[in-house]
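There are 2 protein chains.
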Amino acid sequence: MTPTSEPALDSYQRAAIIGGGVIGISWAGLFLARGIKVVINDPRSDIKDLVLAGLEEITPALAELGLPTENLAAGLTFEADLAKAVSGVDIVQENGPERLELKRQIWQTIERHAPAHALLATSTSSIPATAIAKAMEQPERLIVGHPFNPPHLVPLVEIVPGEKTSEATVRQAKAFYAALGKKPQVLRKEIPGFVANRLQSAIFRECVYLVAQGVVTEQELDDIVTSSIGMRWAVGGPFRTFHLGGGPGGLPHFIEHLGRAMEANMWPALGNPTFDDTTVATLVNQANEAFGKGTVEELAAERDRAQIALMRALGETPDTAANHA
Amino acid sequence: MTPTSEPALDSYQRAAIIGGGVIGISWAGLFLARGIKVVINDPRSDIKDLVLAGLEEITPALAELGLPTENLAAGLTFEADLAKAVSGVDIVQENGPERLELKRQIWQTIERHAPAHALLATSTSSIPATAIAKAMEQPERLIVGHPFNPPHLVPLVEIVPGEKTSEATVRQAKAFYAALGKKPQVLRKEIPGFVANRLQSAIFRECVYLVAQGVVTEQELDDIVTSSIGMRWAVGGPFRTFHLGGGPGGLPHFIEHLGRAMEANMWPALGNPTFDDTTVATLVNQANEAFGKGTVEELAAERDRAQIALMRALGETPDTAANHA
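In the order they appear, the protein sequences are chains A and B.
Residue numbers for the first sequence follow our numbering, beginning at 66 and rising by one.
Residue numbers for the second sequence follow our numbering, beginning at 66 and rising by one.
Next comes the structure, spelled out in structure tokens:
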């Protein structure tokens, strides 16, 4: 059942992870479990302890996904000098702070020192590749590879080419993340927040409104979501769901009837909440009540176990997916 | 593994299902599989054929849920006279057309002829109990029991009391749907669209916008959702997800940082699409391309199987849930 490396991963022997925070550690763990040597570049003096502790924390989830986790740290090194860190690697995955000027500096250094064949990807959730690449001599090489947190677990990677990103880079990124066992999706246009975070933001606005209005508590709203739309959207997205909700006429019938009613009656009635003091106090109090019994780490581990059970049931863990292939 | 009836269901021997459409048939199938005799009231002359065909269609899903499905139709009768249909039943579940005047007439008849102990619930997705009950002599007895389609499969039932609904009715409804194996959630206020449909409507607005803008196709957007937020929200709702996304500081930390950034930058940037001719043409063409290969029935059966596999993995099918209890 333990998957071996995909053939397409053979050309990825070494990776540089720029920034060893939560996202960087998660990428590092996944890369290592897939047999890729990882060098971490991070200016913090205690980075080694932080990364090793973080790796230990995510190892159970990697193991439950069916990935090999013995001696993960054996393939791990640290290099505080960015130019040295990226020399000789096959992929650079950058997870620095979300500040444009800083990212531009980082990428100017990377493009001068990384090998010509290396895949150059930024995990940014908010800065378009076009903006970063303006400061680069080889803007065709930079691409956004935006994971959904945590990258070692959630399948989605949004690949967002900048205006000057080459087709070859897009193909390279897509092939790499797919070989890594992720579900990469190439966006056709740069847009702030990309897709998943925009959708998340749209629904969260209404969530905040409904709690602020006293229609439901946070816990009640979460229970409503897990027992209805969450379950639905884990097995089919919104369009497929509404296609099936349209009866034999499918989505066209849905749009003509329920869609137009939604546009006329529901969309204008959706809430526009703000994080004012009263709302924040309500949200914080209810969060303490609903989630305050365990630490965030315990709750996250519990969530990850449920998530992996779900992925396994749908044939989407690396080992079950290998059986499907 | 086959669950026996919950003790709380013992007092529900007979149910009247008013309206034998898709929702009515689904309720009927679930009631019958739970050992409740069902009488269907529907004015259509071919209602018997329609209901029997519909029952046959959902039987595989009921069986996969671990419910007994032998001889389901043995407990089924039809009665075109509403007053007669509801006499002697323990619960009335009404699924008539979404027209206030019609529902008022129906409920005036029901309250006069249903036994005093019977639970009186409407499946309405859009009409508040308060509005229907204005025409009733016993408004304290009416409650919304709004399922998420299809009721035999998706766990959620939104229970929405009207202004005059009694506490006893709320308790009765909650106990009944829970005993039936559903996950009932009582809303604290009446609000148009209740909760699940408002959330669905909020995200769908952004989905339509992103497809209309050419950022992704319908299929690509669905793939993004299933591999990220859908998967997340099947195991924990939006608030729990963002609580865990806030790191050790939880939701309070999330709101202070990412939440405020969302309010400032993302919410104002969300789309306001309309179903104009160009948008509808795009949506219909992409739906044909993405979903046109199978019939809606085939795709729905496939979705239901995946859904049940997911529920089983999370211990939420009637048989696995019984093991947890």
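For every residue, glycine included, the Cβ atom is placed at its ideal position computed from N, Cα and C.
Under the 8 angstroms Cβ criterion, the region 171-186 of chain B counts as touching the region 151-161 of chain B, having at least three qualifying pairs. Not flagged as an interface residue toward chain B: A/I197, since no C-beta distance is shorter than 8 angstroms. Where B/F356 is concerned, the enclosing alpha helix (DSSP H) starts and stops at D342 to F356. Within 9 angstroms of the CB of B/D288, the CB atoms of chain A belong to L221, K248, Q250 and G302, in sequence order along the chain. With its beta carbon at least 8 angstroms from every one in chain A, B/Q158 lies outside the interface. If you look at B/K248, you'll find it isn't in any alpha helix (DSSP H); it sits in the beta strand (DSSP E) that goes K248 to V251. With a threshold of 8 angstroms between beta carbons, A/K239 makes no contact with chain B.
Contact between A/N214 and A/A150 fails: their C-beta atoms lie close to 23 angstroms from each other, not under 8 angstroms. Annotation: Cβ neighbours of B/G279 in chain A (cutoff 7 angstroms, chain order): R253 and K254.
Beta-bridge annotation (DSSP): A/P226 is paired with A/I208. A/E255 places its beta carbon less than 8 angstroms from that of A/T195. Across the structure, A/A366 and A/T291 are spaced so that their CA atoms are roughly 18 angstroms apart.
A direct Cα-Cα distance of roughly 16 angstroms separates A/A277 from B/E321. Restricted to the region 272-354 of chain B, the alpha helix (DSSP H) segments that are unbroken, complete and at least 4 residues in length are 283-291, 294-300, 303-310 and 315-319, listed in chain order. Secondary structure of A/Q158 (DSSP, three-state): strand. Taking the Cα positions, B/A93 is about 39 angstroms away from B/L275. Assigned with DSSP and collapsed to three states, A/K199 falls in coil, not helix or strand. Where A/R79 is concerned, the enclosing beta strand (DSSP E) starts and stops at R79 to I83. The Cβ neighbour count for B/K247, taken over all protein chains shown within 10 Å, is at least 16; the residue is labelled buried. Beta-bridge partners of B/L184 (DSSP): B/I156.
Secondary structure in the region 79-131 of chain B: the beta strand (DSSP E) runs of 3 residues or longer, each lying completely within the stretch, are 79-83 and 102-106 in chain order.
One thing to note: B/F356 has its Cβ within 8 angstroms of the Cβ of A/G315. One finds E283, A352, A355, F356, V361 and L364 in chain A with Cβ atoms closer than 9 angstroms to the Cβ of B/H308, taken in chain order. Cβ-Cβ separation between B/L127 and B/H217: approximately 6 angstroms, consistent with a contact (criterion under 8 angstroms). Less than 8 angstroms divides the Cβ of A/L74 from the Cβ of A/A244. The count of Cβ pairs closer than 8 angstroms, one atom from the region 136-151 of chain B and one from the region 100-120 of chain B, reaches three, so the stretches are in contact.
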